[in-house]
Amino acid sequence: MKWMLVVLAGGMTPVNTDLVFDKFADCLAAEEQMRKHYTDAFEAWDRWAAANIERRREYSKVRDLQAKRLLSNIGTCVPHAGGAAVAPQQQSNPAPSQPPQGLPPPQPSPKT
1 MKWMLVVLAG GMTPVNTDLV FDKFADCLAA EEQMRKHYTD AFEAWDRWAA ANIERRREYS
61 KVRDLQAKRL LSNIGTCVPH AGGAAVAPQQ QSNPAPSQPP QGLPPPQPSP KT
């Protein structure tokens with residue numbers, strides 16, 4: 001079985017990396033390396049911010065935002081089908097078609 005590394009941006013939104021591994025351990029190692037890169041980037045930014053942001057209150061607020069931005073991205077390894085496209089499932093009750101945006105809805109015909 002092959003494994004694909006998927007990043008969860010902000011801890012929620014999946015982002016496909018197109019990184020596919022033959023071994024689960026290799027995928028986990030790549031996820032660990034990715035996490036280390038994010039941690040290193042945050043630590044480098046934190047050193048810069050501590051030296052350049054004069055007001056402690058501003059530094060604290062900006063540091064929290066930067067930590068959320070960088071450290072909430074996590075990776076996970078998911079099984080990969082090996083390049084075979086998986087067809088989406090058909091809905092049993094399709095929603096009525098919507099008119100294209102920008103066009104007025106169709107008017108009912110007048111009754112005589």
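Residue numbers (my numbering): 1 to 112. Here a beta-carbon is modelled for each residue, glycine too, at the ideal position from N, C-alpha and C.
Is the beta carbon of residue i sitting closer than 8 Å to the one on residue j?
i          : j          : result
residue 11 : residue 53 : no
residue 77 : residue 5  : yes
residue 30 : residue 19 : yes
residue 63 : residue 49 : yes
residue 36 : residue 22 : no
Tell me the DSSP secondary structure of residue i in three-state form.
i          : result
residue 81 : coil
residue 23 : coil
Just to confirm my understanding: we take residue i, look at its own chain, exclude 5 residues before and 5 after, and list those with CB closer than 8 Å. What are they?
i          : result
residue 16 : 4, 6
residue 38 : 70, 71, 73
residue 66 : 42, 45, 46, 49
Here's a check: name, in chain order, each residue in its chain whose Cβ is nearer than 7 Å to the Cβ of residue i, leaving out the five neighbours to either side.
i          : result
residue 79 : 1, 3
For residue i, I'd like the list of residues in its chain whose CB is within less than 6 Å of its CB, leaving aside the five on either flank, ordered along the chain.
i          : result
residue 34 : 75
Could you tell me whether any Cβ in chain B is nearer than 8 Å to the Cβ of residue i?
i          : result
residue 22 : Absence of chain B from the displayed structure is noted, only one protein chain being present.
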